[in-house]
Every structure is written in C-alpha cells, then in structure tokens.
Amino acid sequence: NIEAAAHCLLVSETIRAHARAAGYALGDSSIVHPGIDPTYLERRPDRSWTWSLLYAGRLDERKGVSDAVLALAGLPEEATLTLAGAGDQRVSARLRELATHRRLENRVRELGMRPRAELPEIYAAADVVLFPVRWEEPWGLVPLEAMAVGRPVIATGRGGSGEYLRHEQNCLLVPVADPMAIAHAARRLASEPELRTRLRAGGLQTARRYTETGFNRAAMEALTQVAGGRQPT
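Numbering (my numbering), first residue to last: 254 to 486.
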C-alpha cells in the first residue's frame with residue numbers, strides 16, 4: 254500500500270503529480286531520476302548528415318511511433334527511419350500498412366528488439382533520434398541515451414522527459430501528434446549544422462547529470478535517511 258509507506262521514491266515529478274491527482278496521500282516522498290549506463294558516454298565522432306532517423310523503444314501508439322513514420326512524408330526521398338524495438342504484432346502490421354499506404358515502405362526499416370549492448374552503436378548510426386510520445390511517459394531514457402552518444406533529439410516533451418528537455422538547448426520540441434512538425438524540425442537540423450553542434454553540447458551536458466551511478470547513489474542516500482542513518486540491507 255503506497256499510502257502506508259514511510260517514504261516513497263518516485264522516478265519523476267510527473268509520477269508524483271499523477272499520484273496526488275489520483276488521491277494518494279504520499280506523505281514523505283523523494284524524486285530519484287533513473288539514469289543511463291555510463292558506457293553510453295564514451296566519446297563518439299560526429300557524423301555527416303545522411304537523413305537517417307531513428308525511433309528507439311516499444312512500438313506503441315502511445316509513444317507516437319506512427320507519427321515518426323508519417324514524418325517521412327514531409328522529408329526528402331533519401332530520408333529513412335529505423336525502428337529499433339518490438340511491440341504487439343498488430344501494431345507492427347498497422348505500421349507496415351500505414352507505410353505502404355503512404356508509399357513509404359522502402360524507407361522504413363524494422364530492427365526489432367535488440368540487445369542493450371548494441372543500442373549505443375544503433376543510436377550513433379543515426380543523424381537524429383525521435384521521441385514523439387503522446388502520453389504522459391513516466392520518465393524517458395531514450396532521449397538521454399541519444400544525447401549521451403551525441404545525437405540530436407526531436408521530442409514532444411510529454412511526461413517525465415519534459416523535466417529535462419529544453420527546446421533549442423538540448424533538443425527540438427514539437428507538438429504532440431504532429432508528423433509535419435517532426436519533419437520541419439528534422440529539416441532544420443539538416444540545414445543548420447550549428448544547431449546540431451549546440452544541441453550535441455547541451456545534450457551531452459544533460460546526459461551526464463542522469464546516470465545509473467547517480468540514480469543508485471541518490472536512492473541509497475534517501476533510503477539511508479529514512480532508516481535513520483543506518484545503511485539499508
């Protein structure tokens with residue numbers, strides 16, 4: 254029972270706000286943001302723009318994956334989208350049908366679920382990473398992982414990710430469910446190398462603030478405080 258807990262550790266202010274709005278009396282609570290594997294922060298070279306877009310995560314309409322696909326319609330024919338993630342077979346089928354209907358099928362590549370060890374290089378092979386979530390995502394590691402490998406992010410900023418995403422500082426923010434806004438943002442990145450450089454620098458700075466090591470330390474400090482200074486076992 255969450256209301257019986259002496260102290261609640263929550264992953265974002267978004268979750269805390271939703272819990273309170275749902276009528277939960279949280280009492281004492283702390284925010285402990287999840288973080289990325291530090292190996293993502295290994296330095297990787299920048300790359301020339303090749304119109305390679307990446308969507309990483311579960312293939313789920315709440316995550317705006319169809320908006321990522323439809324954004325291709327507003328981009329040059331050489332633009333491609335890689336989908337790195339799995340989902341319900343019905344969602345995958347609908348995405349293929351959508352791509353075919355819009356004559357985009359040759360520009361969308363499905364990688365399926367990949368081992369986590371492969372993800373840094375998958376991010377690094379992209380020019381830009383899309384995070385077009387429609388729902389109130391509890392947190393959102395994908396933008397942080399992309400930033401850590403030096404890739405710019407186009408996102409909606411819905412939910413927890415809005416707590417660290419800053420328009421024109423570490424990402425480009427777009428309206429929810431607006432594929433053409435995603436396309437416009439991608440065109441800006443393609444034509445403005447100085448913008449890519451600025452977002453890369455801001456993104457790396459942001460990613461360094463949210464690591465697994467920092468998460469573990471903050472969680473342990475909070476638990477130690479609740480335990481009256483005794484180290485939790």
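The beta carbon of each residue, even a glycine, is placed where N, CA and C say it ideally should be.
Limits of the alpha helix (DSSP H) - the one that Tyr217 falls within: Past the edges of the chain, shown from 254 to 486, lies residue 217, and the structure says nothing about it.
What separation, rounded to the nearest whole angstrom, lies between the Cα atoms of Ala324 and Arg367? Residue numbering aside, residue 324 sits at position 71 when the sequence shown is read from its first letter. Residue numbering aside, residue 367 sits at position 114 when the sequence shown is read from its first letter. The straight-line gap from Cα to Cα measures roughly 24 Å.
For Pro329 and Arg453, what's the separation of their Cα atoms in angstroms? Against the sequence shown, residue 329 aligns to sequence position 76. Against the sequence shown, residue 453 aligns to sequence position 200. Inter-residue distance for Pro329 and Arg453 is about 23 Å (C-alpha atoms, whole angstroms).
For Ala321, does the count of other Cβ atoms within 10 angstroms reach 16, so buried, or fall short, so exposed? Here the question's residue 321 lines up with position 68 in the sequence shown. The Cβ neighbour count for Ala321, taken over all protein chains shown within 10 Å, is at least 16; the residue is labelled buried.
Residues near Ile255 in its chain [Cβ-Cβ closer than 6 Å; skip 5 each side]: Position 2 of the sequence shown, counted from the first residue, corresponds to residue 255. So the list reads Tyr277, once near-sequence residues are dropped.
Would DSSP call Thr335 helix, strand or coil? Counting from 1 along the sequence shown, the entry for residue 335 is found at position 82. It is a strand residue.
Could you tell me the distance, in whole angstroms, from the CA atom of Ala399 to the CA atom of Arg315? As a first step, residue 399 is located in the sequence shown; it is residue number 146 there, counting from the start. As a first step, residue 315 is located in the sequence shown; it is residue number 62 there, counting from the start. Whole-angstrom Cα-Cα distance: 20 Å.
According to DSSP, simplified to helix, strand and coil, what is Leu348? The residue labelled residue 348 in the question sits at position 95 within the sequence shown. The answer is helix: DSSP assigns Leu348 an H, G or I state.
Please name the residue in Leu336, Leu372, Ala352 whose C-alpha comes closest to that of Leu383. As a working note, residue 383 is residue 130 in the sequence shown. Minimum Cα distance to Leu383 is reached at Leu336.
Enumerate, from N- to C-terminal direction, the unbroken alpha helix (DSSP H) stretches of 4 or more residues contained entirely within the stretch 341-418. List check, alpha helix (DSSP H) in window: 342-354, 372-377, 395-401.
Per DSSP, cross-strand counterpart(s) of His420: Working through the sequence shown from its first residue, we reach residue 420 at position 167. In DSSP, His420 forms a bridge with Cys424.
With distance defined between alpha-carbon atoms, name the residue in Ala257, His286, Arg269 nearest to Asn469. Taking the sequence shown and counting its residues from 1, one reaches residue 469 at position 216. When Ala257, His286, Arg269 are compared, the shortest CA-CA separation from Asn469 is found for His286.
Going by the beta-carbon positions, is the gap between Ala332 and Arg360 smaller than 8 Å? By 1-based counting over the sequence shown, the position of residue 332 is 79. By 1-based counting over the sequence shown, the position of residue 360 is 107. With a cutoff of 8 Å on beta-carbon distance, Ala332 and Arg360 are scored as near each other.
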